[in-house]
Amino acid sequence: MKKILFALPLAFAIGSSQAADIVDTAKSAGSFNTLIAAVQAAGLVDTLKGPGPFTVFAPTDAAFAKIPKAKLDALLKDKAALTKVLTYHVVPGSVMAADVKPGMVKTVEGSAFKVSAMSGKVMVDKAQVVKTDIAADNGVIHVIDSVIMPK
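Read in order, the letters of the sequence shown are residues -19 to -1, 1 to 132 in mature numbering (1 follows the signal peptide of the UniProt record, and there is no 0).
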């Protein structure tokens, strides 16, 4: 019995070695529908399916729901502003949670956001990181509970 229990994690690890790219990984999670729609509207799908690697701080559908509907609708229709907001959530390279250090982090958008840790919570600007290290073929996703906006 011990051999079978030991083999199960190994089988899952081998089976999951066929990870998808960041876009497909986010789609399969089921809680990033608004983010995927925004990435499509901004024309960033091919970029995030590219070789990367990328680290994406991905707001959930609940995070996008915190934005007033009129403001979100306007953002989704303004491709330049939408691209600016989305690329502010992306950091070049594949940065795992263990490698994240407090301080300013430069984004693909060009400006930087602040990473801080308080009471065991990791914050990116004013968004809390709620899940880390979701692996994709071309990077990693960390889930945040709010949409962060560039200055």
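From the three backbone atoms N, C-alpha and C, an ideal C-beta is built for every residue, glycine too.
In this text the structure is predicted, and so the values were computed from the model without any measurement.
### Query
Hey, quick one: how far does the alpha helix (DSSP H) through Thr6 stretch, first residue to last?
Run containing Thr6: Ile3 to Ala10, per the alpha helix (DSSP H) assignment.
| query | Do Leu63 and Ala93 have their C-beta atoms within less than 9 Å of each other? | reply | The answer is no: Cβ separation not under 9 Å.
Item to complete: Return the chain-ordered list of same chain residues with a C-beta closer than 7 Å to the C-beta of Thr6, the five sequence neighbours on each side being excluded.
Response: Residues Ala(-1), Ile115, Ala117 and Ile122 of the same chain have their beta carbon placed closer than 7 Å to that of Thr6, with the five preceding and five following residues left out of the count.
Original post:
Can you give the Cα-Cα distance for Thr15 and Leu56, rounded to whole angstroms?
Top reply: About 12 Å.
> Which of helix, strand or coil does DSSP assign to Phe45?
Replying inline: In the structure shown, Phe45 sits in a helix (DSSP, three-state: H, G or I).
Notebook entry, point to check: Mind checking whether Ile125 and Ala10 have CB atoms under 9 Å apart?
Noted result: Result no, Cβ atoms of Ile125 and Ala10 do not sit closer than 9 Å.
Of the residues Leu53, Ala44, Ala43 and Pro73, which one's Cα is nearest the Cα of Gly91?
Relative to the Cα of Gly91, the nearest Cα in the group Leu53, Ala44, Ala43 and Pro73 belongs to Pro73.
Notebook entry, point to check: Is the beta carbon of Tyr69 less than 9 Å from the beta carbon of Val96?
Noted result: With respect to Val96, Tyr69 sits apart: the two C-beta atoms are not nearer than 9 Å.
For Ala44, which residues from the same chain have a beta carbon less than 6 Å from its beta carbon, with the 5 sequence-adjacent residues on both sides left out? Asp126, Ser127 and Val128, listed in sequence order.
Rounded to whole angstroms, what's the CA-CA distance from Phe13 to Asp2? Just pull it up for me. Rounded to whole angstroms, Phe13 to Asp2 spans 14 Å at the Cα level.
Problem - Rounded straight-line distance, which links the Cα of Lys8 to that of Lys132 - result: Their Cα atoms are separated by approximately 28 Å.
Would you mind giving the Cβ-Cβ distance between Val4 and Lys30, rounded to the nearest angstrom? I have them listed as a contact below 8 Å. Between Val4 and Lys30 the beta-carbon gap is near 5 Å, inside 8 Å, which marks them as a contact.
Closest to Val66 by C-alpha separation, out of Asn119, Ile48, Met77 and Val110, would be which residue? When only C-alpha atoms are compared, the closest one is Ile48.
May I ask you to report which of helix, strand or coil DSSP gives Val124?
-> It is a strand residue.
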